[in-house]
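Engineer: Residue numbers (my numbering): 102 to 414.
Got a structure for you, questions after.
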């Protein structure tokens, strides 16, 4: 549903003495390839814009037009932070997103008095913050940040398309579209694909007729799942394990008892969100061997291990 952005949150903060309020949003957190980009934007108090909204609700042409208007306005202060796929793999996507936000806010010419963050709080953070779920639909500052982050990243992905034309990055921007998954299945990953998302596993899941519901699920009470899928009437919790070779054993061997407990906790967290105590579920493992100068080898191991914790609905 379309909701017009305004200065509701900004006005409340100005009423208690915050003069410079920055909005922050990111682009690329859920992608399979490319960087995560965060933007920080400080709008003037009397700024108005009838068409500015969450970047995802804007047509690409309008988004580009608004981007040019924003960066061309000398009264608007803005900056971006960029974390590449190598660093994402090293520290994980959540930390990378938070670091991109910290880089963006640190790059502003004048520090803000308060920061509006789209989504959940970022801890630690160098300035007072207010986190707002779907803030880019409600706040002009966060909407402006979403546009600048999105257009900045889209332009980077078009540049990557020139380097890796076989993946069509200019069309899907690195996200998990049918076209992208087909290209991954045909060519395997390229240097800007995130190994931490194990993107090469997704074409295999699609070929096995598993519908992907969620990636990188983290339960509130602990546990995590790489991919949550549905296989007809059965929920499938998938752990993806990658190795460069089998010199030290198969990848599935890394899913030891402790790892199984963590995955089981994640699965139980997901199950408790559902109003269906009788739903069928299982735990699978996808083995990925990415050897140098060779196509990835993949194998799906169904029912790889049982639930390690009693399921009490």
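Positions of the beta carbon are idealized from the N, C-alpha and C atoms, including for glycine.
Note that this is a predicted model, so its numbers are computed, not measured.
#1: Among 138, 225 and 167, which has the Cα closest to the Cα of residue 151?
#2: As a quick exercise: from 308, 265, 307 and 303, pick the residue whose alpha carbon is nearest that of residue 317.
#3: For residue 387 versus residue 337, is the C-beta spacing smaller than 8 Å?
#4: Could you have a look at residue 330 and say whether DSSP puts it in helix, strand or coil?
#5: What are the uninterrupted segments assigned as alpha helix (DSSP H) that are 4 or more residues long and contained completely in the region 299-377, given in chain order?
#6: Can you tell me whether DSSP reads residue 112 as helix, strand or coil?
#7: Hey, out of 347, 255 and 293, whose CA is closest to residue 162's CA?
#8: Check whether the Cβ atoms of residue 206 and residue 141 sit closer than 8 Å, and answer yes or no.
#9: What whole-angstrom Cβ distance do residue 214 and residue 120 have, given they're in contact under 8 Å?
#10: Helix, strand or coil: which one does DSSP assign to residue 290?
#11: Is residue 176 helix, strand or coil by DSSP?
#12: Where does residue 285 fall in DSSP's three states?
#13: Which residues share a DSSP beta bridge with residue 387?
#14: Quick one: give me the first and last residue of the beta strand (DSSP E) that residue 126 is part of.
#15: Between residue 398 and the ligand ATP, is there a pair consisting of the residue's CB and a ligand heavy atom that are separated by less than 7 Å?
#16: Note down the Cα distance separating residue 135 from residue 293, rounded to an integer number of angstroms.
#17: Count the other CB atoms within 10 Å of the CB of residue 108; is the residue buried (16 or more) or exposed (fewer)?
#18: Would you grab the beta carbon distance between residue 138 and residue 181 for me? Rounded to a whole angstrom, and I think it's under 8 Å.
#19: Sorted by chain position, which residues of the same chain lie with C-beta nearer than 7 Å to residue 165's C-beta, five sequence neighbours on each side aside?
#20: Hey, how far is the Cα of residue 176 from the Cα of residue 237?
#21: Is the distance from the Cβ of residue 144 to the Cβ of residue 241 below 8 Å?
#22: Where does residue 277 fall in DSSP's three states?
#23: Is it true that the CB of residue 222 sits closer than 8 Å to the CB of residue 232?
#24: Which residues in the same chain as residue 324 place their Cβ atom closer than 6 Å to its Cβ, once the five residues preceding and following it in sequence are excluded?
#25: Please report the straight-line C-alpha distance between residue 358 and residue 385, rounded to a whole angstrom.
#26: Quick check: the Cα distance between residue 270 and residue 282, rounded to an integer number of angstroms?
#27: Please tell me whether residue 216 and residue 229 are closer than 8 Å, where the distance is taken between their beta carbons.
#28: Quick check: the Cα distance between residue 114 and residue 122, rounded to an integer number of angstroms?
Structural biologist: Quick answer:
#1: 167
#2: 303
#3: no
#4: strand
#5: 302-308 and 358-373
#6: helix
#7: 255
#8: yes
#9: 6 Å
#10: coil
#11: coil
#12: helix
#13: 341 and 401
#14: 122-128
#15: Absence of the ligand ATP from the depicted structure is noted, as is the absence of any ligand whatsoever, leaving it without description.
#16: 5 Å
#17: buried
#18: 6 Å
#19: 252
#20: 20 Å
#21: yes
#22: coil
#23: yes
#24: 363, 366, 367 and 370
#25: 14 Å
#26: 12 Å
#27: yes
#28: 8 Å
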